[in-house]
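*Asks:* In the working numbering, the protein residues as written are -12 to 134.
We put the CB at the ideal spot given by N, CA and C, even for glycine.
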Ligand code: DQA
């Protein structure tokens, strides 16, 4: 299976950025571990982090026919981006929304997501492990739905 992992703005700052909220692991560490987990399941993992909305939109568009599943932590674009929502609807690739922090236990503006209602599932508040749980769930679903 082919799985695309997308991380939005400021997630390149993990490890430095508010460690009490987001943990001490860097994005590089998270992606290295995730790639290892993926390889053990014969999953080809592609990762992109971008601070730019249009780059995420383009990556989603280019996934059409190239990726079987998307794991996305859209960062602050979660709460603002109709464009990312529309791109995910356009390609109709199943996706899981991941957040390191529990967005429901923070400022009220983080409670609304432009993606959650069209996601297969949402994982939040479980730190970096959330990406691993999402990968597990994606592979399990692909095994039952796709040859
Ligand atoms: C985040 C939560 C968002 O509200 C925030 O803007 C982020 C990170 C998370 O992983 O907890 O940048 O998506």
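Taking DSSP as the reference, what is the three-state secondary structure of residue -6?
*Replies:* Residue -6 falls in the strand class under three-state DSSP.
*Asks:* I'd like the span of the beta strand (DSSP E) that includes residue 56, first residue to last.
*Replies:* That run of the beta strand (DSSP E) goes 56 to 60.
*Asks:* In whole angstroms, give me the CA-to-CA distance for residue 67 and residue 25.
*Replies:* So the alpha carbons of these two residues sit roughly 30 Å apart.
*Asks:* What residue does the alpha helix (DSSP H) around residue 3 start on, and which one ends it?
*Replies:* No alpha helix (DSSP H) holds residue 3; DSSP gives it neither H nor E.
*Asks:* Select from 35, 5, 44 the residue whose C-alpha is nearest the C-alpha of residue 77.
*Replies:* Out of 35, 5, 44, 44 has the C-alpha closest to the C-alpha of residue 77.
*Asks:* Can residue 90 be considered in contact with ligand 1, in the sense that its beta carbon sits closer than 6 Å to one or more heavy atoms?
*Replies:* Answer for residue 90: yes, Cβ within range of ligand 1.
*Asks:* Residue range of the beta strand (DSSP E) that residue 32 falls in?
*Replies:* That run of the beta strand (DSSP E) goes 31 to 36.
*Asks:* Kindly indicate which three-state DSSP category residue 18 falls into: helix, strand or coil?
*Replies:* Helix.
*Asks:* For residue 80 versus residue 110, is the C-beta spacing smaller than 7 Å?
*Replies:* Not closer than 7 Å, so no.
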